[in-house]
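Following: one structure in structure tokens, then a few remarks.
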Ligand SMILES: Cc1cc2nc3c(=O)[nH]c(=O)nc-3n(C[C@H](O)[C@H](O)[C@H](O)COP(=O)(O)OP(=O)(O)OC[C@H]3O[C@@H](n4cnc5c(N)ncnc54)[C@H](O)[C@@H]3O)c2cc1C
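Numbering (the working numbering), first residue to last: 7 to 551.
Written out as structure tokens, the structure reads:
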């Protein structure tokens, strides 16, 4: 029974929820909250990729005041360009990096519990073509399962060549001696990023995209905040804080240079490319994992949103750029290697999308190491000014990295102690036992609201493309709720169609631009500029013969 003394509390919760729904994910509201604040924040986080979003969520849910600034869109850089695996890393086990595998397997299990709508149990097959590979990889994967303990996704098995071909009909049969079946996690990287933004904002963080950190503020040589520029309006702000966390991935050295000009580089960008193909190349819901390609690397072919993502490469690059472009030799390497293992070899014309990402590898102390030898683990570094940088790591371990970073800041910056709570903190949209065949499954608990909007009128239920389920209603909901600023934000990191099928993205771009213009009250000149910019970008994702 509701007692009268509970009424103010209930009213407060209703008002708070309404406030969150109506205003909290609106950029202008967050900017107002940011600039009207008198006290310094406890934490400023620079960078809205996996690492920065993890740190912002960790610190906010401990009860600290937090602001996060992303210069572009959330997950614009490396965090939208992964292999889409939440994994322990079978290859790190082969390299003997047991502690990294332990940590990643534990985090894989935690993430699946906190975001069951985003992390799928993915079954893999390792095809073996030499007699010793079957027993060798099977032993390794039994150990992998054992290390995952109660957070294990499923049991590994060794199967014969016939059953391997039945499992993946397109697998090259000649010389096949065995197949190893194992389980790992699969996810949508940007969608997790956007859900982390919403979780952090719901918990009270000021999280902003298109807000570039242009300088560091110091008092008596100690870091005391940052200056930022709103890239949408060109307005400059100075924001104060007790701790500043540099979570800018491959761009970490730019921020370190602001702190200590001339400092030795801490990050090595290493490029990884993926090609996206039609599902007919796999004809199975199993993924393929090739543990050792001709140049000693790992190659995956993973089902993702009804497509197959094939990659990756590991090419040391000279500098970090916002929009990396696949090199011809990387594309050829993936096509040739995939052709060795599939009965139907993919050609350039089969590629629906190609995307490149830069790994923020922590630079080794000694020069001359190959990229595959550089640690995939992360590093936390503190400068004399108090600036803290978190570099390296994986999407899978973002939560643990965030916990360590905030603990480190508490110890070093003399901030009052609060315990980490993210191990059991549900991520926005969390929904147990999701129906992965529902096209809206990635939205978790938001899917009902989206469906309601789609069904609200014939205009809203209009499909944007004959081959894809996207509707006007879904796009409108995204624009209203997910802090979208540009056409690219919608097509690349909310719908993901740029990564799934770049030509289809180009086809629906004019209609999506119209919806964006109407929803945001922009003018036709703005819309045309968005379309021109998007068309230019898409050329990096399309392979021409
Ligand atoms: C090819 C490839 C495949 C991968 N596959 C997997 C995988 O399957 N599973 C897995 O767990 N991990 C994978 N990873 C690793 C994982 O993707 C990265 O570790 C992770 O995304 C890094 O996140 P980050 O936040 O550190 O960097 P980023 O995502 O690059 O984020 C840094 C952000 O900082 C912003 N920034 C820079 N300068 C400023 C500034 N001055 N002001 C404001 N913002 C700024 C940038 O715009 C950027 O968005 C893969 C990586 C690559 C490259």
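Each residue gets a CB set at the ideal place from its N, CA and C atoms; glycine is no exception.
Residue 280 is bridged by DSSP to 317, 361. Residue environment: residue 360 is assigned as buried (16 or more neighbouring CB atoms within 10 Å of its CB, all protein chains considered). Using a Cβ distance threshold of 7 angstroms, residue 404 and residue 67 do not count as a contacting pair. Taking a contact as a CB-CB distance under 8 angstroms, the pair residue 471 and residue 510 counts as one, their CB atoms being some 6 angstroms apart. A residue is called buried when at least 16 other Cβ atoms come within 10 angstroms of its Cβ; residue 539 does not meet this threshold and is exposed. Nearest in C-alpha terms to residue 548, of all of 484, 215, 331, is 331. Counting only residues of its own chain and dropping the five nearest sequence neighbours on each side, residue 385 has a CB closer than 7 angstroms to the CB of 368, 397, 398. It is roughly 16 angstroms from the alpha-carbon of residue 107 to the alpha-carbon of residue 143.
Using a cutoff of 6 angstroms, the CB of residue 115 does not count as near ligand 1, since none of the ligand's heavy atoms is closer than that.
Fully contained in the stretch 429-500 are the following alpha helix (DSSP H) runs of length 4 or more, in chain order: 453-460, 478-487. Residue side-chain check: residue 91 places its Cβ nearer than 6 angstroms to a non-hydrogen atom of ligand 1. Ligand 1 never approaches residue 41 closely enough for any of its heavy atoms to be under 6 angstroms from the residue's Cβ. By the CB criterion at 7 angstroms, residue 320 and residue 276 fall inside the cutoff.
Rounded to the nearest angstrom, the Cβ distance from residue 53 to residue 253 is 4 angstroms, consistent with a contact under 8 angstroms.
For residue 307, the enclosing beta strand (DSSP E) begins and ends at 305-310. Distances from the CB of residue 257 to the heavy atoms of ligand 1 include at least one below 6 angstroms. Here residue 469 is exposed: its Cβ has fewer than 16 other Cβ atoms, across all protein chains shown, within 10 Å.
In this structure, DSSP gives residue 194 a state outside helix and strand, which the three-state scheme calls coil. Positions of the alpha helix (DSSP H) runs, each at least 4 residues long and wholly inside the stretch 153-240, are given as 167-173, 195-208 in order along the chain. Under the 8 angstroms Cβ criterion, the stretch 88-104 does not count as touching the stretch 334-344, having fewer than three qualifying pairs.
Residue 62 is a Cβ neighbour of residue 211, given a cutoff of 7 angstroms.
Around the beta carbon of residue 324, fewer than 16 other beta carbons lie within 10 angstroms, which makes this residue exposed. Taking residue 427 as the centre and dropping the five residues before and after it, the same chain places the C-beta of 67, 68 closer than 7 angstroms to its C-beta, in chain order.
Within the DSSP secondary-structure output, residue 292 pairs in no beta bridge.
Nearest Cα to residue 33 within the set 526, 502, 221, 350: 526.
A buried status is given to residue 416, since no fewer than 16 other beta-carbon atoms sit within 10 Å of its beta-carbon.
Inclusion of residue 213 and residue 219 in the CB contact set at 7 angstroms is not warranted, their separation being larger than that value.
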